[in-house]
Amino acid sequence: MSFWDRYLAPGDVRHQRQHEAAATTATAQTQAQALAATLPINPRHQREPRIDAAHRQRRQDGLFFGGVAFTCFSALLTRRALIRRRLPHPAAFTPSNAPPTGRAAKVDGSFDAVEALSLATLNVCSIAMVAAGAMAKLFDIADLEDLRDGVRRGVGFDVYGGEAEADKELEEWIAGVLSGKEELGGGGVGNIQRKVAEKLRELEEQEKKGREGKK
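Per our numbering, the sequence shown starts with residue 10, numbered consecutively.
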């Protein structure tokens, strides 16, 4: 509305102008809601809901204390295996009541190798689990999305800011489509959907060219 229509026009004319402006605003809002309801959402741009603080704490504690319990269990198995290997070989000057057999005890090299490899794998996995849990608690990481956000912040990428120029251009274009009656061409919501689809394809092509240029 102009300054004349808002303040200097007669009362009935001013009331009519205000009613027309309100009707135009309501129509634009209805078209925007219909457009948002009919357009498909790109799953690549859809952000998954994050877990709450209690769930994050339980996940981090479960990983860390589970790794501690697994480490204790693997250490117990390793200790029992070492004790069992030392029992057939008594220390020096230890009397033995067993009758002499005349030959040394048989040694199964393949079994010993498999047992040593299994114990080493258990120990390494348990220590790695403890380290992962400690790092998760130290840096407050509960899922892969937290890890991605940390890497992006480390390289200087704004996680929640997005691309300012592209967002501003898209906002200006949508505002022009919804407010400009001449650009609709009588097509209504269908024409808006067609224009939005063309704009999205144009933005995808620009993004693809940008990635190819960076490579």
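Where is the CB? At the ideal position from N, CA and C, for every residue including glycine. Please read these numbers as outputs of a predicted model, since none were measured by experiment.
Alpha carbon to alpha carbon, how far is Ala141 from Val123? Give it in angstroms, no decimals. 27 Å
Is it buried or exposed for Trp150, if we count other Cβ within 10 angstroms and need 16 for buried? This sequence places Ile at residue 150; Trp is not what is there. By the 10 Å Cβ count, Ile150 comes out buried.
Who are the Cβ neighbours of Met228 in its own chain at under 8 Å, not counting the five residues just before and after it? Residue 228 is absent from the structure shown; the chain starts at 10 and stops at 224.
Return the CA-CA distance between Leu85 and Leu91, expressed in angstroms with no decimal places. 10 Å
Under 8 Å between C-beta atoms of Ser83 and Ser135: Yes, the Cβ-Cβ distance between Ser83 and Ser135 is below 8 Å.
Integer-rounded CB distance, given that Asp152 should sit under 8 Å from Ile60: 7 Å
From Glu191 to Ala184, what does the alpha carbon distance come to, in whole angstroms? No answer about Glu191 holds up, because its pLDDT of 48 lies below 50 and its placement is not dependable.
Measure the C-alpha to C-alpha separation of Ala125 and Met144 and round it to an integer number of angstroms. Near 29 Å, if we compare the C-alpha coordinates of Met144 and Ala125.
Within the same chain, show all residues whose beta-carbon is closer than 7 Å to that of Trp182, passing over the 5 residues directly before and after it, in chain order. Lys208
Can you say whether Gln69 is buried or exposed, counting buried as having 16 or more other CB atoms within 10 angstroms of its CB? buried
When you compare only the Cα positions, how much space is there between Val133 and Phe148? 22 Å
For the alpha helix (DSSP H) containing Asp149, name the first residue and the last one. Element bounds for Asp149: n/a, residue is neither H nor E.
Return the residue from the list Ala206, Thr36, Glu154, Arg203 that minimises the CA-CA distance to Arg225. No information on residue 225 is available, as it lies outside the stretch 10 to 224 that the chain covers here.
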